[in-house]
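Protein chains in written order, with the numbering used here: chain A, 1 to 287; chain B, 288 to 574; chain C, 575 to 899; chain D, 900 to 1224. Even for Gly, the Cβ is constructed at its ideal location relative to N, Cα and C. Beneath this line is the structure, given in structure tokens, with notes to follow.
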Amino acid sequence: MALFTGVIDRLLGRQQPLPRDIAFKDERSFVAQKHSCPSCHAHLEAGELENNLYVCPKCGHHFRINTAERVRTLVDAGSFQEFNQEIQSINPLGFPGYEAKLGESKAATGQGEAVVNGYASIEGRKVILSIMNFKFMGGSMGSVAGEKLTRAILEGAEKRHPVILFTTSGGMRMQEGIFSLMQMAKSSAAIAQLELAQVPLFVVLTDPTYGGVTASFAMLGDVILAEPAASIGFAGPRIIESTIRQKLPEGFQKSEFLLEKGFVDAIVPRSELRRTLAFLIDTHPTE
Amino acid sequence: MALFTGVIDRLLGRQQPLPRDIAFKDERSFVAQKHSCPSCHAHLEAGELENNLYVCPKCGHHFRINTAERVRTLVDAGSFQEFNQEIQSINPLGFPGYEAKLGESKAATGQGEAVVNGYASIEGRKVILSIMNFKFMGGSMGSVAGEKLTRAILEGAEKRHPVILFTTSGGMRMQEGIFSLMQMAKSSAAIAQLELAQVPLFVVLTDPTYGGVTASFAMLGDVILAEPAASIGFAGPRIIESTIRQKLPEGFQKSEFLLEKGFVDAIVPRSELRRTLAFLIDTHPTE
Amino acid sequence: MDQTQIQKKIQELQSLAEKSSVDIQSDLKRLQEKLVDGKMTPDDIWKKILLARNADRPTTLEIINHIAENFLELHGDRAFGDDAALVGGIGLLDGRPVTFLGHQKGRNMKENIRRNYGWAHPEGYRKALRLAQEAEKFGRPVITFIDTAGAFPGLASEERGIGESIARNLKEFAMLKTPVICFVIGEGGSGGALGIGIGNEVYMLENTFYSVISPEGCASLLYRDASEAADAAAQLKLLPTDLLGFGIVDGIVPEPDGGAHSDHALTAAHIKTQILESLKRLEQKTGEQLARERMTKFLAMGRFVEEGSSKPNFFQRLFSLNRRA
Amino acid sequence: MDQTQIQKKIQELQSLAEKSSVDIQSDLKRLQEKLVDGKMTPDDIWKKILLARNADRPTTLEIINHIAENFLELHGDRAFGDDAALVGGIGLLDGRPVTFLGHQKGRNMKENIRRNYGWAHPEGYRKALRLAQEAEKFGRPVITFIDTAGAFPGLASEERGIGESIARNLKEFAMLKTPVICFVIGEGGSGGALGIGIGNEVYMLENTFYSVISPEGCASLLYRDASEAADAAAQLKLLPTDLLGFGIVDGIVPEPDGGAHSDHALTAAHIKTQILESLKRLEQKTGEQLARERMTKFLAMGRFVEEGSSKPNFFQRLFSLNRRA
Ligand SMILES: [Zn+2]
Ligand SMILES: [Zn+2]
């Protein structure tokens, strides 16, 4: 009975449903399109981008990618097995227009929600992945995102597999009101459990990561990596400019800024991500 | 045999010598002298100062006081019982002129070293006190100061009595070279033991506290108090000015500066110290 | 809210209680309070928002001064600074040592500039954590007072990691082995509120709100017009009765007639009564239990469905409460 | 040093060892090394100081690159900034994960400006602690390389609590439940060195020094003339042979002929040999043991007399080593 298959059941040691062996639906961002690099304005073919992990071969600009693209560029081919796909959003406040927005995002992304969980392996090492997709309602975090992140983290604690979170979000999902805010507390409490289990959490910050996500699990990795030039912050630049009534400095809230300010362990280009994560897994043994 | 009565014996649970019931030698700083307040330049009689806890009644300036004066203004009358008085400095490096300097300080202060340990009670509450005296070689910390502080802290851990440290120091004692530097590590390791025992450490920073003392036990209190307008820092102002080649701001390294910068829990005038420490003891139960 | 559904659930719970002798009285009380909670118009709701923001409401330090016999404010994060917008210290409450934490607004313009209108910076949240962990070390309960429009959205705040500071608190407060009781005493503004909001029990004063976004912010996004804030507030369901119904908070502390600002002493007395009642309950538990229960409580928050079931997992929280060890 | 006294003590220890079968071979070795250490003139000593400060000596990152198969530098204190003067990260050493920490000087003027000549700020010490505790969590040994004239004596350094940051490290490193091995690879400057110097075992490279104050600083105070630094250095007894004799460090790592700068690879290889030898010993112990032994080691440091005895407590440290659990 679905009511009883949540976090609590896991805590109480009850059986969880087995992960479903469903191929991840591949809805590529870059199919049959021409692109102009937003950084160097080079004209790029979609195939050219795909072959280069969606990184501009001219200037190194990292294009935003969706979940399918992340999976394909990161994990061992065929190793990704989604789980918790059956968890779906409701409209707990009866917020006007919420269902319609969910429907649009589902159609646009081919995903059920902004977060996708999966078992996978990276260069042969088993991991638990939880990946956010900015194209699903701006990567906003509601109850389902919170539940999925929480289950991924607790799954890691239970199986003693490293947990890797890819963040991209505009913040918490307004349409779920206080339930959405509490997902910050929930995912952080899950990380507390992971910490007690001494299983590592690796966070990869990608462009853009804002709001409640930055004020919860995104900043709680044992190691925090960031893709180059990603925008990462709590409050958005426009809100800050209207508060302090002055222009923000060049490079504000970019990965490099966060590295300088002490919040990012390392900036890792997409081409180095597999190798870096494999190294981190090896140096954070869970046995 | 004195060789075997150190910290190690305590760790190994061996008997320590009983504290000697010796009245603390009272060498007052303010006997039969007239004083000019360095802050407001008021002319003050020694008696007037003594009656006001050596605080200028005009402007509140806190005069530096010696150990006897600290004891008299702080603890319940007759409750102070010195211990570890038998620990004396040697000249481990054969540093030229060190014995002579020690002799001068002994004569000037009537103390055996820069730190005095004692059992005492504050408004009826038992405490372990360790008090530095700036007049003894500038409150510099050598092996004896380190050993005494360490024993006071471990005594607190063993008896489960709160430990209160009064700091005033120009830094580590150069004449004992590397042994002196290691007293920072030693006293901090003792505090680690106290922390594991969950017995509270209260530090009272007094004018002036500098160098290695500020980079060890002075900053490790569960609660850190400071007397008003005390100078507290790691490097002295002259060294810093010669490094950064500019004037330091007004009030730099004063208690109020440290409060603003987040390193002092509260600034407590001498007249409030008994009451404040009594309150802290009550709210940090050790049972 | 479907009242029939709720009534049915109450019956289910009562029969459950008879069979298993678990204590679910507080849960039943919570459900029943929802039934008497009438419908409010956006104007009614907006009046509550204004009451929550009333500049004459008692602040954290005023409440502490009313309820504690003695209080020593402790300053600083031991790393960067002391934040006057988030204060803390040790007090005696009926002779028992407790650690208080809370957002602090000013009473006038000058004070508000010093207090930054209760918008805290990272050093405020780091001080809160330091003091909470000090409380844990010496077995003192932690009482927090939430009253902020949010964490400060400024350059310095971002530079020093406002996100990191809140995130760390969410994790570390969850693990504290000492009772933590939180009160929303005015504005409960988003992550800035939650940063000192991870309690074993969380209460709201009667005329307060707790929300993921300010009504004005929500209105700007929804209607591109902040003046539609009252409508947005109604959509957000941010009042104490809403949150009690959702199982997010554990109770509502009554305010004097007219609101908390009309009688600080009485408001403080109501808060004190709740603290003492909660402590009676929480102090029976071990530190381990308190931490585990706190984590379990927040782990269970959220509403969603799982495929294969037609029901939303509405009672997950209640369920968890009854199963708490 | 009175050699007769030392010889006598060695005999005492040998008879003790025979009776109780405790292992004191390393202590005996240490004592004997003192006996062969000839007298050095202030000029000889000053040459060593200059070698220790030689700008071409291998730096922390260079040593790591020589000895680790793979290395990922990790940045930041998660609160204020990333200090380029004190670096750290995770590396593989003969396939085994370790965490490296160390002061980092530059190779040229531009680098030295960025690295602040290896003078670290509080955020450097806080990063070191963060990485050391992360190492502890995942059972990795911590290897530190000390090479600094001192913690930075500046306005910003004081504002952000350089004293607090070093103090906290002294306490927290003492408690780490993982092996910690420290190497002085150049200048061991006072508190700034000690801030990453709390190891189960501490080694010095052959041409280095470790001192409570710089020779120049000491000369200014002693002779009111910094140019008398060589004499001051001689008084301070700051060379590896001195510290080994005092029982403050555990061994001396040999340098290539001419000094470490003449052959980085060989210097690094000697360091690696020592790390592996130490790890072999330390990895047999539990985390609890490692922390207790580390605390005991530093608790026993210092020389003084207690009234009623004519002897200085010279062998306190040796005594403690033999009694370690
Ligand atoms: Zn480009
Ligand atoms: Zn005066």
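(message) Could you pull the DSSP bridge partners for Q375/B from this structure?
(response) V1204/D
(request) Verify the CB distance criterion: does R652/C have a CB-CB separation below 8 Å to chain B? (result) yes
(request) Classify N1106/D as buried or exposed, calling it buried when 16 or more other Cβ atoms lie within 10 Å of its own Cβ. (result) buried
(message) With a threshold of 8 Å between beta-carbons, can P727/C be considered close to chain A, or not?
(response) yes
(request) Could you tell me which residues DSSP puts in a beta bridge with I825/C? (result) Reading the sequence as shown, one finds Gly at residue 825/C and not Ile. Paired residue(s): Y777/C.
(request) Could you spell out the range, first to last residue, of the beta strand (DSSP E) harbouring P57/A? (result) Segment: none, P57/A is in no beta strand (DSSP E) and carries neither H nor E.
(message) Can you give me the C-alpha to C-alpha distance between R1013/D and R1123/D, rounded to a whole angstrom?
(response) 32 Å
(message) In whole angstroms, give me the CA-to-CA distance for A432/B and I740/C.
(response) 41 Å
(message) Please classify I554/B as buried or exposed, where buried requires at least 16 neighbouring CB atoms within 10 angstroms.
(response) buried
(request) Look at G737/C and A215/A and say whether their C-beta atoms are less than 8 Å apart. (result) yes
(request) Verify the contact flag: H61/A, CB atom, against every heavy atom of ligand 1, threshold strictly below 7 Å. (result) Yes.
(message) I'd like to confirm the pairing. Which residues does DSSP put opposite I224/A in its beta bridges?
(response) According to DSSP, which records beta bridges pairwise, I224/A is partnered with V203/A.
(request) Can you have a look at N51/A and say buried or exposed, based on whether 16 or more other CB atoms are within 10 angstroms of its CB? (result) exposed
(message) Below 8 Å on C-beta distance, what does Q81/A contact in chain C?
(response) Residues of chain C passing the Cβ test: none, with the nearest at roughly 17 Å.
(message) With a threshold of 8 Å between beta-carbons, can Q1188/D be considered close to chain B, or not?
(response) no
(request) Would you check if there are 3 or more beta carbon pairs closer than 8 Å linking the region 653–663 of chain C to the region 809–817 of chain C? (result) With fewer than three CB-CB distances shorter than 8 Å, the region 653–663 of chain C does not count as touching the region 809–817 of chain C.
(message) Suppose contacts are defined by Cβ-Cβ distances below 8 Å. Is F1145/D in contact with I465/B by that definition?
(response) yes
(request) Count the other C-beta atoms from every protein chain shown that fall within 10 angstroms of the C-beta of R1180/D, then say buried if there are 16 or more, exposed otherwise. (result) exposed
(request) Examine chain D for any beta-carbon lying closer than 8 Å to the beta-carbon of P383/B, and answer yes or no. (result) yes
(message) Less than 7 Å between C-beta atoms, sequence neighbours within five positions excluded: which residues of the same chain meet that for H844/C?
(response) Once the five neighbours on either side are set aside, the close Cβ partners of H844/C are V827, P828.
(request) Closer than 8 Å by C-beta to E528/B: which residues in its own chain qualify, once you throw out the five before and the five after it? Chain order, please. (result) K534, L535
(message) On the CB-based measure, 16 or more other CB atoms within 10 Å of its CB, does M132/A come out buried or exposed?
(response) buried
(message) Here's a check: name, in chain order, each residue in its chain whose Cβ is nearer than 8 Å to the Cβ of C40/A, leaving out the five neighbours to either side.
(response) C56, K58, C59, H61
(request) Kindly examine ligand 1 and report whether one of its heavy atoms sits closer than 7 Å to the Cβ of S39/A. (result) yes
(message) As an exercise, report each continuous beta strand (DSSP E) stretch of at least 3 residues that is fully enclosed by the region 744–791 of chain C, in chain order.
(response) 754–763, 775–779, 783–785
(request) Sort L507/B, A484/B, E400/B, M461/B by Cα distance to A653/C and report the nearest one. (result) Check the Cα spacing between A653/C and each of L507/B, A484/B, E400/B, M461/B: the tightest is with L507/B.
(request) Hey, could you find the ends of the alpha helix (DSSP H) G156/A is sitting in? (result) First-last of the alpha helix (DSSP H) with G156/A: 143–159.
(request) Note down, in chain order, each residue of its chain lying with its Cβ closer than 7 Å to the Cβ of L1137/D, except the 5 sequence neighbours on either side. (result) F1108, Y1109, S1110
(message) One question on the structure: do T209/A and A218/A come within less than 8 Å of each other, judged by their Cβ atoms?
(response) Cβ distance < 8 Å, so T209/A and A218/A count as in contact.
(request) Use the C-beta contact count for A120/A: other C-beta atoms within 10 angstroms, 16 or more gives buried, fewer gives exposed. (result) Buried is the call here.
(request) Could you check what DSSP says for Q175/A in three-state terms: helix, strand or coil? (result) helix
(message) Tell me which residues share the same chain as S187/A and place their Cβ nearer than 6 Å to its Cβ, disregarding the 5 neighbours each side in the sequence.
(response) G146, L149, T150, S216, F217
(request) Run the proximity test for K345/B: is its beta-carbon closer than 7 Å to any non-hydrogen atom belonging to ligand 2? (result) yes
(request) Provide the residue(s) that pair with V450/B in DSSP beta bridges, ordered along the chain. (result) I415/B, L488/B
(message) Could you compute how far the alpha carbon of P753/C sits from the alpha carbon of R714/C?
(response) 8 Å
(request) Assign P671/C to one of three DSSP states: helix, strand, or coil. (result) strand
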